[in-house]
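All remarks here apply to the structure that follows.
Residue numbers (the working numbering): 269 to 391.
Written out as structure tokens, the structure reads:
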């Protein structure tokens, strides 16, 4: 039993497809194929609300995705909670490194400008 899945274009639009064989008494009797256009999913993701909060020294990211019925009315919200502690730590470290490089660069430029001004004044 093998499920085949992937993204295909149909009518110039991306679709997500999955197919799996259907067995009866050990014999393949058909294939179940299901797919969905990705355009509505992409539009829904664009409306996502993200929040980050810290609780018990852990950083969490929440993603809220509005759910709509076939009439387009909002009927609820899908909430996804992820532990983002490791990612937040990496981002903080990267920000500290970027800040240190910026300060060092500013110091080098300020020193060079000061030396140029002193050299110009002497001549």
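No residue lacks a Cβ here, since even glycine has one placed at the ideal position from N, Cα and C.
DSSP on residue i, reduced to helix/strand/coil?
i, result
"residue 380", "helix"
"residue 300", "strand"
"residue 355", "helix"
"residue 286", "strand"
"residue 295", "strand"
"residue 305", "strand"
"residue 271", "coil"
Alpha carbon to alpha carbon, how far is residue j from residue i? Give it in angstroms, no decimals.
i, j, result
"residue 280", "residue 380", "56 Å"
"residue 340", "residue 298", "35 Å"
"residue 390", "residue 372", "27 Å"
"residue 377", "residue 370", "11 Å"
"residue 387", "residue 321", "53 Å"
"residue 345", "residue 328", "18 Å"
"residue 271", "residue 363", "42 Å"
"residue 273", "residue 289", "12 Å"
"residue 308", "residue 282", "10 Å"
From what residue to what residue does the beta strand (DSSP E) around residue i run?
i, result
"residue 347", "342–351"
"residue 325", "Unbroken run through residue 325: none, as it is neither H nor E."
"residue 279", "Neither: residue 279 is in no beta strand (DSSP E) and is coded neither H nor E."
Can you give the beta carbon distance from residue i to residue j, rounded, assuming they're within the 8 Å contact cut?
i, j, result
"residue 300", "residue 284", "About 15 Å; that fails the 8 Å criterion."
"residue 355", "residue 331", "About 14 Å separates the two Cβ atoms, so there is no contact after all."
"residue 333", "residue 316", "5 Å"
"residue 286", "residue 302", "6 Å"
"residue 351", "residue 326", "6 Å"
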